[in-house]
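What follows is one structure encoded as structure tokens, with my remarks underneath.
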Amino acid sequence: MTGRHEEERSEGGRKLAATEPSQSALDHRGENRQEPLPRTDLTDVEPLFAGEEGGRFRQRWDAIQAGFVDEPREAVEHAAKLVVEVMTSLEQTFADERSRLENAGNGGDGRSTEDLRQTLRRYRAFFDRLLAI
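Per our numbering, residue 43 is the first one in the sequence shown, and the count goes up by one each step.
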């Protein structure tokens with residue numbers, strides 16, 4: 043027994059845990075919201091790493107993992123450094139992509155609704171890509 047006490051309430055003869063939303067809450071949660079944009083197809087997006095960079099990271103990881111048997115402490119240190127390198131590379135990739143989006147989106151106030159829609163779609167693809175990691 044965890045000692046955790048959950049308050050129960052009832053809805054239509056069914057008991058609900060305190061953390062479970064009621065059906066009426068679920069029914070009303072989207073009343074004033076627009077339908078979300080559909081998720082973008084990530085097959086059109088550029089890979090996270092340019093060229094063979096991802097493959098080189100993978101090879102280095104495989105070597106680190108193989109080296110764990112003989113030098114576990116050193117392998118962990120190398121793994122930590124490699125993770126930092128991968129994160130730094132991703133940070134630069136996403137900063138470059140964000141910069142391209144910002145430059146493409148700065149067409150002044152004279153942009154048409156279609157131009158703005160396309161810009162929003164590109165931002166959505168970027169957003170989905172960030173969340174897919």
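Note that CB positions come from ideal geometry on N, CA and C, so glycine has one too.
- The distance from the Cβ of Arg159 to that of Leu143 is about 14 Å, inconsistent with a contact at the 8 Å cut-off.
- Assignment of Ile175 by DSSP, reduced to helix, strand and coil, places it in the coil class.
- For Glu133 and Leu172, the gap between their C-alpha atoms comes out near 11 Å.
- Here DSSP, grouped into helix, strand and coil, assigns Ser131 to helix.
- Here Ile175 is exposed. Its C-beta has fewer than 16 other C-beta atoms within 10 Å.
- Closest by C-alpha distance to Gln101, out of His120, Ala167 and Leu162, is His120.
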